[in-house]
Structure formats: structure tokens, C-alpha cells
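Asks: I am attaching a structure below and will ask some questions about it afterwards.
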Amino acid sequence: MKIVRCTNGVGVWEVISDNGSSQVFDLKSDAEKYVRGYKKEKEIIGVYHNCWDFADYYEFEEEGHRFHGWECGRCGIHLQTG
1030 MKIVRCTNGV
1040 GVWEVISDNG
1050 SSQVFDLKSD
1060 AEKYVRGYKK
1070 EKEIIGVYHN
1080 CWDFADYYEF
1090 EEEGHRFHGW
1100 ECGRCGIHLQ
1110 TG
């Protein structure tokens, strides 16, 4: 994962992950914060995993509305809302 200057004119800083995906930030400090958070999350999880392999279905009602979807049972990341 690395931070580079954007050349596309959309943002100022871009974080490029190991798999080639990227996230654009206006401030370098925001990009650095994102990278720190990613590294910390990776330490907590231990190793990379496919969240769908650990997908847990959830369903609840609140104020008359039904909420349901999927989240990772290992790291807690929200995967899909139904």
C-alpha cells in the first residue's frame, strides 16, 4: 500500500493498495490516516481473508422498519444490505 500524488485532477493524493484498487483524498494527512487504519485493521485480523467466507446474516426491526443483510463474522465489515 502506497500514497502517491494524483495526476487525474480529481483529488490530490491517492492510496493504492496491493491489489491495485485505490482511494483518493484531498489531504495527505487523510491518506496517511487511512493507511494507518488499514494497517491496524490488518494486524487485528491477522491475515487477509475473504469476508464472504465468514458472512453472517443479520435481521432486526427498529421503529417499524425491517433491516437485514450480511456482515463479516471475522472482522465485522458490512457486506450487503437487503
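In the numbering used here, the protein residues as written are 1030 to 1111.
Just so you know, even glycine gets a beta-carbon here, dropped at the ideal spot from N, CA and C.
1. Can you give the beta carbon distance from residue 1032 to residue 1057, rounded, assuming they're within the 8 Å contact cut?
2. Sort out for me which residues DSSP pairs residue 1045 with in a bridge.
3. Can you tell me whether DSSP reads residue 1115 as helix, strand or coil?
4. Taking the C-alpha atoms as reference points, what is the distance between residue 1079 and residue 1107?
5. Just to confirm the assignment, what range does the beta strand (DSSP E) spanning residue 1056 have?
Replies: From the atom records:
1. Taking the sequence shown and counting its residues from 1, one reaches residue 1032 at position 3. Taking the sequence shown and counting its residues from 1, one reaches residue 1057 at position 28. Between residue 1057 and residue 1032 the Cβ distance is about 7 Å, and since that is below 8 Å, they are a contact.
2. Position 16 of the sequence shown, counted from the first residue, corresponds to residue 1045. Looking at the DSSP assignment, residue 1045 forms a beta bridge with 1031 and 1051.
3. Coverage of the chain is limited to positions 1030 through 1111, which leaves residue 1115 absent and any answer about it impossible.
4. Counting from one through the sequence shown, the residue named residue 1079 turns up at place 50. Counting from one through the sequence shown, the residue named residue 1107 turns up at place 78. Roughly 13 Å between the two C-alpha positions.
5. The sequence position of residue 1056 within the sequence shown is 27, counting from 1. Taken as a continuous stretch (DSSP letters only), residue 1056 belongs to no beta strand (DSSP E), as it is neither H nor E.
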